[in-house]
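Numbering (UniProt numbering), first residue to last: 1 to 102.
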């Protein structure tokens, strides 16, 4: 599934002020890389965040995210948001950049 370019622009506007960011296209998605690690991605109309699994993923799910669903059915430790407002998106991106830099 191709990523939503308008959603990617929203993510880009937030993340580019947080530091050095590279963009990488991956299987129809757009990944935003910080410190060589994926911090945020856009796939279709969803923004997704690698969580590393475990407790971090469970906390994200409790905060309103859902588990990213892959077309293959494979499970990955990524949380996803659908149609987040700008404030929520900025908060999640800030946390994602901190994880990537950590």
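Beta carbons are placed, not taken as given, at the ideal position from N, Cα and C, and that holds for glycine.
Residue 41 in three-state terms, based on DSSP: By one-based count along the chain shown, residue 41 stands at place 41. DSSP places residue 41 in strand when its eight states are reduced to three.
Closest Cα partner of residue 91 within the set 5, 68, 15 and 67: Within the chain shown, numbered from 1, the residue matching residue 91 stands at position 91. When only C-alpha atoms are compared, the closest one is 15.
For residue 22, three-class secondary structure by DSSP: Translated into the one-based positions of the chain shown, residue 22 becomes position 22. Of the three classes helix, strand and coil, the one that applies to residue 22 here is strand, per DSSP.
Residue 49 and residue 79 closer than 8 Å at C-beta: Sequence index remark: in the chain shown, residue 49 carries index 49 (1-based). Sequence index remark: in the chain shown, residue 79 carries index 79 (1-based). Yes, they are a contact pair.
Residue 39 vs residue 96 beta-carbon contact at 8 Å: One-based indexing of the chain shown puts residue 39 at position 39. One-based indexing of the chain shown puts residue 96 at position 96. Yes, the pair counts as a contact, with Cβ atoms nearer than the cut-off.
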